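Peer 1: Quick one: the structure is below, and I'll ask about it shortly.
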Amino acid sequence: MAQPAIVLISGFQSPIEDEIWQVIFRDCWQIPDVGQAHLIRVLARGMKKRFSAREQYAHTIGRLVTIAPFPDSVKRITKQTAYQRNLVACALADTVLILHAHEESETARLAAEVVGWGKRVMTVDHAENQHLLDLGVKVYRE
270 MAQPAIVLIS GFQSPIEDEI WQVIFRDCWQ IPDVGQAHLI RVLARGMKKR
320 FSAREQYAHT IGRLVTIAPF PDSVKRITKQ TAYQRNLVAC ALADTVLILH
370 AHEESETARL AAEVVGWGKR VMTVDHAENQ HLLDLGVKVY RE
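For what it's worth, our numbering labels the leading residue of the sequence shown as 270, then goes sequentially.
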């Protein structure tokens, strides 16, 4: 039986997110032990005007949706637009995975806000994430 597809929602902006983006494209949309991936890229600015050939193809076959929750006049990514973008991504998700967030970071603030919505938020079991667990974030277990 085929494994169900998963949907990854992200801005794919940070270095680790960009690496995930590159791996998914390189591996032809297959994620080991998961199966087919569909992506929703949420931009922290207005809509892109140009997409790579691979991105265009992914849009065409329904594997990629790009969302820009800002008007096209917003050209630069700022701390504020990145935070708002992350709120949109979290609102779309069934489960939010935060691998790590420094205690006083915007990501920790985001985690607290999303936990407050009643959304399931997960992290890895590591001492550096204790402050996330204290907020109500749960440990991800396979």
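We put the beta carbon where it would ideally sit given N, CA and C, even for glycine. For clarity, every value in this text was computed on a predicted model and none was experimentally measured.
#1: From the DSSP output, read off the bridge partner residues of ILE278.
#2: Measuring CB to CB, does VAL334 end up less than 9 Å from ALA306?
#3: Rounded to whole angstroms, what's the CA-CA distance from PHE281 to ASP287? Just pull it up for me.
#4: Confirm, please, whether the CB-CB distance from LEU312 to TYR352 is below 9 Å.
#5: What does the Cβ neighbour count give for LEU308, buried or exposed, with the cut at 16 atoms within 10 Å?
#6: Among the residues of its own chain, which have a CB less than 7 Å from the CB of GLY315, if the five just before and after it don't count?
#7: Rounded to whole angstroms, what's the CA-CA distance from HIS371 to ALA377? Just pull it up for me.
#8: Residues in its own chain within less than 7 Å of HIS441 by CB, not counting five upstream and five downstream?
Peer 2: Judging by the given coordinates:
#1: ILE309
#2: no
#3: 5 Å
#4: no
#5: buried
#6: ALA337, PHE339, PRO340, ASP341, SER342, VAL343, LYS344
#7: 7 Å
#8: The question about residue 441 has no answer, for the chain in this structure spans 270 to 411.
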